[in-house]
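Encoded as structure tokens, the structure appears first; notes follow it.
Residue numbers (UniProt numbering): 1 to 452.
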């Protein structure tokens, strides 16, 4: 399947390569570099590139390109998902998936790639299994290995490798049993000139951090699960129960993992929390233009919007901008033509605005008047999708408690009391009562395309 893997940085340097079958020359990456030069942005490089003798399938993660070389036809999404799993594994092991971290742990990187692929076919990709095969790097372990000459490879086979739940190792024990769930939602919206929503959609994920002893069997319920479309599940979830009851039933992996990803269509979307009023105009045969943007909360929100950052991609003919903000500060990059306005917190009593002049190149044609706006903001304890988590049931004799975690782009919840231990034949279920005034936050990334 996968013959070779090349890791390339943004400068075009191949700093790591791994071959599973025959050695493939680095010259095959020239086709990738040609496609990279033609792309307007690094993220727009075609994920699948056909060459006379190979297929190049790549992803872009954390300013790095993971380029795999394929000689036979395989489902591209299968390879792309595996490459993302490789990047996630590096992130889990080293704390970050960067060129420096990979170079500092190059021996462990090769050991991981050797275990994750067997003769080019995926073998072990679950983090819990890999951590039993290859021990994560620590300062003490690095010192011991340098003195004794040993490696991070484990001496015993992982306990879950041959079980029907390979994502969880056996014998997990914690002094305090905890389960954290972060709801991450991103809004993509198109808003017309009057501020009305033309199109809006939510892309969301639920990230979990499970620290429970034994082999817990959990069931997670939603208040309105019918709102969720195109749901993608972690392998631990029992799909049949989701189809019949719309309940997430699973034996979770140990540690951090992504439980599900989903989409909420525009038909089920509630009102967007903010509105934008703008006036961006340019005159014919003129070297300047007007820029005016005002942001405000919806009247029915009743919550404070915090951490607002507005990014505007201006036309290429713009030289510089002379603006005056009523709140916050702004910067304009004359190379990338990107305006960034750090607004901060807004209240209905004082609406922030950014006004001023835009200087253009002399003799340039009238630019396009509908640049795109990206708005990132945070609202404490708000479920914008309308399908928040409602209850968690545990079927293992553990005391599982849930708590909200403050993290970018998420909403959280906190139960009033820990989930009590359950007996062998009954569930223990406690509704997750929202304490909106104390715990957690919701982050949203709102993409607005201004229509004139």
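Here a beta-carbon is modelled for each residue, glycine too, at the ideal position from N, C-alpha and C.
Q) Would a check of beta-carbon distances place residue 92 closer than 8 Å to chain C? A) The structure shown has no chain C; it contains just one protein chain.
Q: Would you mind sorting residue 192 into buried or exposed? The rule is 16 or more other CB atoms within 10 Å of its CB.
A: Exposed is the call here.
Q) When DSSP labels each residue in this structure, what does residue 114 get in the three-state scheme? A) Here residue 114 carries a helix assignment [DSSP, helix/strand/coil].
Q: Could you check the C-alpha separation between residue 219 and residue 95 for me, to the nearest Å?
A: Roughly 30 Å separates the two Cα atoms.
Q.
Run through the DSSP bridge pairs and tell me what residue 67 is partnered with.
A. Answer is 6 and 58, bridged to residue 67.
Q | Reduced DSSP category for residue 131 - H, G, I as helix; E, B as strand; rest coil | A | Correct three-state label for residue 131: helix.
Q: Taking only the alpha-carbon atoms, compute the straight-line gap between residue 413 and residue 85 and give it to the nearest angstrom.
A: Unreliable positioning characterises residue 413 in this predicted model, as indicated by a pLDDT of 42, which lies under 50. The coordinate reading is nonetheless provided below. CA-CA distance, residue 413 to residue 85, rounds to 28 Å.
Q: Whole angstroms is fine: what's the gap from residue 39's alpha carbon to residue 174's?
A: Rounded to the nearest angstrom, the two C-alpha atoms are 49 Å apart.
Q: Measure from the alpha carbon of residue 226 to the alpha carbon of each residue in 253, 35, 262 and 164, then state which is nearest.
A: The shortest CA-to-CA distance from residue 226 to any of 253, 35, 262 and 164 is the one to 262.
Q) Just checking my contact of residue 202 with residue 187 at CB under 8 Å: how many whole Å lie between their CB atoms? A) Rounded, the Cβ-Cβ distance is 6 Å, consistent with contact.
(Q) Relative to the C-alpha of residue 232, which candidate in 251, 207 and 54 has its C-alpha closest? (A) Check the Cα spacing between residue 232 and each of 251, 207 and 54: the tightest is with 207.
Q.
Is residue 124 near the ligand SAH - that is, is its Cβ less than 7 Å away from at least one heavy atom of it?
A. Questions concerning the ligand SAH fall outside what the structure shown contains, since it holds no ligand whatsoever.
Q: Take every Cβ of the segment 89-107, pair it with every Cβ of the segment 61-72, and state whether three or more of those distances are shorter than 8 Å.
A: Yes, they touch.
Q) Going by the beta-carbon positions, is the gap between residue 351 and residue 322 smaller than 8 Å? A) Not in contact: residue 351 and residue 322 (Cβ atoms no closer than 8 Å).
Q. Looking at the structure shown, is residue 376 part of a helix, part of a strand, or coil, going by DSSP?
A. Residue 376 falls in the strand class under three-state DSSP.
Q. Buried or exposed: residue 20, going by 16 or more other Cβ atoms within 10 Å of its Cβ?
A. Only buried fits residue 20, as 16 or more other CB atoms lie within 10 angstroms of its CB.
Q) What are the uninterrupted segments assigned as beta strand (DSSP E) that are 3 or more residues long and contained completely in the segment 340-366, given in chain order? A) Listed in chain order, the complete beta strand (DSSP E) runs (minimum 3 residues) inside the segment 340-366 are 353-360.
**Q.** Where residue 404 sits in the DSSP three-state scheme
**A.** Below a pLDDT of 50, predicted positions are generally treated as unreliable, and residue 404, at 39, falls in that range; no measurement from the model is reported.
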